[in-house]
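**Q**
Number of protein chains: 2
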Amino acid sequence: MTQLTRLRDEMRQRGLDALWVSRPANVRYLTGFTSPADGKVLVTQDRATLYTDARYTVQAAEESALPQFIARPPATYEHASADVGRGVVGFEADHLTVAGLEELEAAWPDATLKAAPGLVEELRSCKDDREIEAIRAAQALADRVYAEVRPMIRAGVREADIALEIEQRLRRAGATNAFDVIVASGPRGAMPHGTASDRVMQDGELVTIDMGACLNGYNSDMTRTVAIGTPTDEMRRVYGAVLEAEEAAVQAVKPGARAADLDALARGILERHGLAEAFAHSLGHGVGLMVHEAPGLRGTSEDVLKPGMLVTIEPGAYLPGVGGVRIEDLVLVTEDGYEVLSQAVKETV
Amino acid sequence: MTQLTRLRDEMRQRGLDALWVSRPANVRYLTGFTSPADGKVLVTQDRATLYTDARYTVQAAEESALPQFIARPPATYEHASADVGRGVVGFEADHLTVAGLEELEAAWPDATLKAAPGLVEELRSCKDDREIEAIRAAQALADRVYAEVRPMIRAGVREADIALEIEQRLRRAGATNAFDVIVASGPRGAMPHGTASDRVMQDGELVTIDMGACLNGYNSDMTRTVAIGTPTDEMRRVYGAVLEAEEAAVQAVKPGARAADLDALARGILERHGLAEAFAHSLGHGVGLMVHEAPGLRGTSEDVLKPGMLVTIEPGAYLPGVGGVRIEDLVLVTEDGYEVLSQAVKETV
Chain A
1 MTQLTRLRDE MRQRGLDALW VSRPANVRYL TGFTSPADGK VLVTQDRATL
51 YTDARYTVQA AEESALPQFI ARPPATYEHA SADVGRGVVG FEADHLTVAG
101 LEELEAAWPD ATLKAAPGLV EELRSCKDDR EIEAIRAAQA LADRVYAEVR
151 PMIRAGVREA DIALEIEQRL RRAGATNAFD VIVASGPRGA MPHGTASDRV
201 MQDGELVTID MGACLNGYNS DMTRTVAIGT PTDEMRRVYG AVLEAEEAAV
251 QAVKPGARAA DLDALARGIL ERHGLAEAFA HSLGHGVGLM VHEAPGLRGT
301 SEDVLKPGML VTIEPGAYLP GVGGVRIEDL VLVTEDGYEV LSQAVKETV
Chain B
1 MTQLTRLRDE MRQRGLDALW VSRPANVRYL TGFTSPADGK VLVTQDRATL
51 YTDARYTVQA AEESALPQFI ARPPATYEHA SADVGRGVVG FEADHLTVAG
101 LEELEAAWPD ATLKAAPGLV EELRSCKDDR EIEAIRAAQA LADRVYAEVR
151 PMIRAGVREA DIALEIEQRL RRAGATNAFD VIVASGPRGA MPHGTASDRV
201 MQDGELVTID MGACLNGYNS DMTRTVAIGT PTDEMRRVYG AVLEAEEAAV
251 QAVKPGARAA DLDALARGIL ERHGLAEAFA HSLGHGVGLM VHEAPGLRGT
301 SEDVLKPGML VTIEPGAYLP GVGGVRIEDL VLVTEDGYEV LSQAVKETV
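As you go down the protein sequences, you meet chains A and B in turn. Under the UniProt record's numbering, the first residue of the first sequence carries the number 1, and numbering increases by one thereafter. Under the UniProt record's numbering, the first residue of the second sequence carries the number 1, and numbering increases by one thereafter.
1. Using a Cβ cut-off of 7 Å, pull out every chain A residue sitting near Ala280 of chain B, in sequence order please.
2. Only counting runs of 4 or more residues, tell me where the alpha helix (DSSP H) segments fall wholly within the UniProt domain "Creatinase N-terminal" (4-126) of chain A, in order along the chain.
3. Hey, does Pro320 of chain B have any beta-carbon neighbour from chain A nearer than 8 Å?
4. Quick check on DSSP: helix, strand or coil for Met191 of chain B?
5. At a Cβ cut of 9 Å, what residues of the stretch 184-205 of chain B count as close to chain A, listed as they run along the chain?
6. Let's see if you can read the secondary structure: which residues bound the beta strand (DSSP E) around Ile313 of chain B?
7. If we cut at 8 Å on Cβ distances, does Thr208 of chain A have a partner in chain B?
8. Which residues of the stretch 78-102 of chain A have a Cβ closer than 7 Å to any Cβ of chain B? Give them in chain order.
9. How about residue 350 of chain B and Thr44 of chain B: do their beta carbons lie closer than 8 Å?
10. Can you list, in chain order, the stretches of the alpha helix (DSSP H) that have 4 or more residues and sit fully within the stretch 154-214 of chain B?
11. So Met152 of chain A is in the alpha helix (DSSP H); what residue range does that whole segment cover?
12. Val58 of chain A CB to nearest chain B CB: under 8 Å?
13. Would Pro90 of chain A pass as a contact of Ala106 of chain A if the rule is Cβ separation under 8 Å?
14. Please name the residues in the stretch 106-117 of chain B whose beta-carbon is closer than 9 Å to at least one beta-carbon of chain A, in chain order.
15. Lys306 of chain B: buried (16+ other C-beta within 10 angstroms of its C-beta) or exposed?
16. I'd like to know if Arg28 of chain B contacts chain A, where contact means its C-beta is closer than 8 Å to some C-beta of that chain.
17. Could you tell me whether any Cβ in chain B is nearer than 8 Å to the Cβ of Leu164 of chain A?
18. Applying the criterion that 16 or more other CB atoms from any shown protein chain within 10 Å of the CB defines a buried residue, is Glu148 of chain B buried or exposed?
19. In chain B, what lies closer than 8 Å to Arg224 of chain A by C-beta?
20. Any contact of the stretch 142-156 of chain A with the stretch 204-215 of chain A, i.e. 3+ C-beta pairs under 8 Å?
21. Going by the DSSP bridge assignment, what does Arg258 of chain B pair with across the sheet?
22. Taking only beta carbons into account, state which residues of the stretch 140-163 of chain B come closer than 7 Å to chain A, listed in chain order.
23. Here's the rule: buried if 16 or more other CB atoms are within 10 angstroms of the residue's CB, otherwise exposed. What is Glu335 of chain A?
24. How far does the alpha helix (DSSP H) with Arg237 of chain B in it reach, from first residue to last?
25. For Asp263 of chain A and Glu293 of chain A, what's the separation of their Cα atoms in angstroms?
26. When you compare only the Cα positions, how much space is there between Ala175 of chain B and Asp198 of chain A?
27. Taking a cut of 7 Å between CB atoms, which residues from the stretch 165-176 of chain B lie near chain A?
28. Check this for me: beta carbons of Glu182 of chain B and Asp210 of chain B, under 8 Å apart or not?
29. Quick one: give me the first and last residue of the beta strand (DSSP E) that Val325 of chain A is part of.
30. How about Thr223 of chain B and Ile313 of chain B: do their beta carbons lie closer than 8 Å?
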């Protein structure tokens, strides 16, 4: 399995004899086991074992080709201690809880436990062809559903009805919501993460729709802001500024581009439009088995884009009490530039 | 606010000057703020502050009456350090990650950080009248939806269609799935947590449906196993054994009952039917703002039932390659016994 080979290279470079993998997306990436929370993997140079409990005996055998040990702690820790021995064992410090680390320390007193955050996440940040096709399919489905639902966004309709339409269509196509659909109309548009409410949308309002499909475990993520009738001049101006920032940042995506520079590019454009304060979050994030994963596209990021990364570009502007705009594309970093996977129409408001 | 008063009593007893609350359900319980992952609370004896970031400026103000500080780390930690000072600061060791603790240690070098798991969880385990009514309403909705969908469970229908029907009806009623609906038919019934698949249900099979409604933040949880036509004698025998164990355990619910004893009671009955090995999980768990919360009804639990607790009683038996049965009720611990909130019919198979 390529993933394990690459991980073992990383482990050797960091002086780790073993890695205890606890984050569900990482467990899935390494094993194929899809349990949301109840699998762990111990990886050494010559072995990798999936640990889960008896609720998943059948499922684990169906989904994963790795050797499996079915029990609960402390039996799982006892079994793993043969592979752990006196070695240096990495753990996912950005996922494992303080109490979880104490359990490992008590179970493996001869081992040296060492914080090793982000190892599998870094592997996951560059997708292989199979993963890219999975995300492309998820986004294509989301594009289709968006196009079907777009005509329903009109005055007199509740935000929640739009969200439900989107979700039902994703479900009928064999997918699920990647996250709660955001439908934020009028003044609710000032909440960047306002999931759909019972609010009835009205003429002259902007409506922000943020949606993703999860298909075969892989996610998509896209946002469009649309108008019902004719919005105020102020909100149309805000829309134009966000669109300008979004398109400029997308066009700057390429291997070697620094995430922090992309964030600064979009932020600079919004600043020139007097909207620096209104852009209250980072520019984007990686997408894959998790909706938010590496790389992080924000001002403090050290990440540099590489081919195979899949990132969102999603500047926004939020005016409390007035409204908001966000436009988000899902963008693949190619060998020599970028490809926008999200094809849904961006309207002129 | 009663919750804060009770929490401060607990903090005094444990010698904590402050508590850094990071688990989302605990943040919601103490503040009303419903963000799934991006709120924290610092509680001292004379102050409680909600920390979140600029994406939630509007939402936090709408939902919470607590003083709010809107920023990201490290600014939030700097702001909190005035309240933290040189005090003893508890943290949720069963939620805070190892990396998260390192951030706090670096930000508050003069403070003494102390693992304090389960403080808010313990308060949450006994529900007040408002919470009980919220969960009662969620379960009543789930009962109604189950009754509507039950006639659709028949040969030739896909598991996924049943799950989708349940979810859509919950959504139309203003609720959401508390968790992915489990519809496990025939041999898939041997997977205790097998969410609905594309499998077409067939005559002579048992079908396990595990579903919950989340309404205004509070969850319900219930399982029924039903027959399509006439199952084998073996599976009917298994059903009878699980039902006997379930009813006996429900009737033993009362204040002062030990969780471990309830688990042993149900397990003993299944053992007498030769199904000890087949009952591969614990008896139940508390339900509230989270689907799984304190108390834990398992053999190793130290928990004792108290009035106001809401627990599931859910023995099951799983025969790999053959099928499975689980029956689960949602049970309120009253002043002198119990009240079963889940009213959906248990059929004779």
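Ideal placement from N, C-alpha and C gives every residue a C-beta, glycine not left out.
**A** In brief:
1. Against chain A, the beta carbon of Ala280 of chain B has neighbours under 7 Å at Ala54 and Arg55, listed in chain order.
2. If only uninterrupted alpha helix (DSSP H) runs of at least 4 residues are considered, those enclosed by the UniProt domain "Creatinase N-terminal" (4-126) of chain A are 24-31, 57-63, 75-84, 98-107 and 119-125.
3. Yes, contact with chain A.
4. When DSSP states are grouped into helix, strand and coil, Met191 of chain B belongs to the coil group.
5. Within the stretch 184-205 of chain B, the qualifying residues are Pro187, Arg188, Ala190, Met191, Pro192, His193, Gly194 and Asp198.
6. Taken as a continuous stretch (DSSP letters only), the beta strand (DSSP E) holding Ile313 of chain B covers Leu310 to Ile313.
7. No - not a single Cβ of chain B is within 8 Å of the one on Thr208 of chain A.
8. Listed by position, the residues of the stretch 78-102 of chain A near chain B (Cβ gap below 7 Å) are Ala93, Asp94, His95, Leu96, Thr97, Val98, Ala99 and Leu101.
9. Examination of residue 350 of chain B is not possible in this model, given that chain B is present from 1 through 349 alone.
10. Listed in chain order, the alpha helix (DSSP H) elements of length 4 or more contained wholly in the stretch 154-214 of chain B are 159-172.
11. For Met152 of chain A, no alpha helix (DSSP H) run applies, since DSSP gives it neither H nor E.
12. At least one C-beta of chain B is nearer than 8 Å to the C-beta of Val58 of chain A.
13. Correcting the residue type first, residue 90 of chain A is Gly in the shown sequence and not Pro. For the 8 Å CB-CB criterion, Gly90 of chain A and Ala106 of chain A do not form a contact.
14. When CB distances to chain A are screened at a threshold of 9 Å, the residues of the stretch 106-117 of chain B falling below it are Ala115 and Pro117, in chain order.
15. Counting Cβ neighbours within 10 Å, Lys306 of chain B comes out exposed, since fewer than 16 surround it.
16. With 8 Å as the cut-off, Arg28 of chain B does not count as an interface residue toward chain A.
17. True, the Cβ-Cβ gap to chain B drops below 8 Å.
18. With a threshold of 16 other beta carbon atoms within 10 Å, Glu148 of chain B falls short and is exposed.
19. Near Arg224 of chain A there are no residues of chain B at all, since even the closest Cβ is about 18 Å away, more than 8 Å.
20. Flag = yes, the stretch 142-156 of chain A and the stretch 204-215 of chain A touch.
21. Partner(s): B:Val304.
22. So nothing in the stretch comes that close.
23. Per the 10 Å Cβ criterion, exposed.
24. Its alpha helix (DSSP H) spans residues Asp233 to Gln251.
25. Distance between the alpha carbons of Asp263 of chain A and Glu293 of chain A: 16 Å.
26. Approximately 12 Å, taken between the alpha carbons.
27. If you check each beta-carbon in the stretch 165-176 of chain B against every beta-carbon of chain A, the ones closer than 7 Å belong to Gln168 and Arg171.
28. The residue asked about is misnamed: residue 182 of chain B is Ile in this sequence, not Glu. Cβ atoms of Ile182 of chain B and Asp210 of chain B: closer than 8 Å.
29. Per DSSP, Val325 of chain A is one residue of the beta strand (DSSP E) stretching across Gly323 to Arg326.
30. Not closer than 8 Å, so no.
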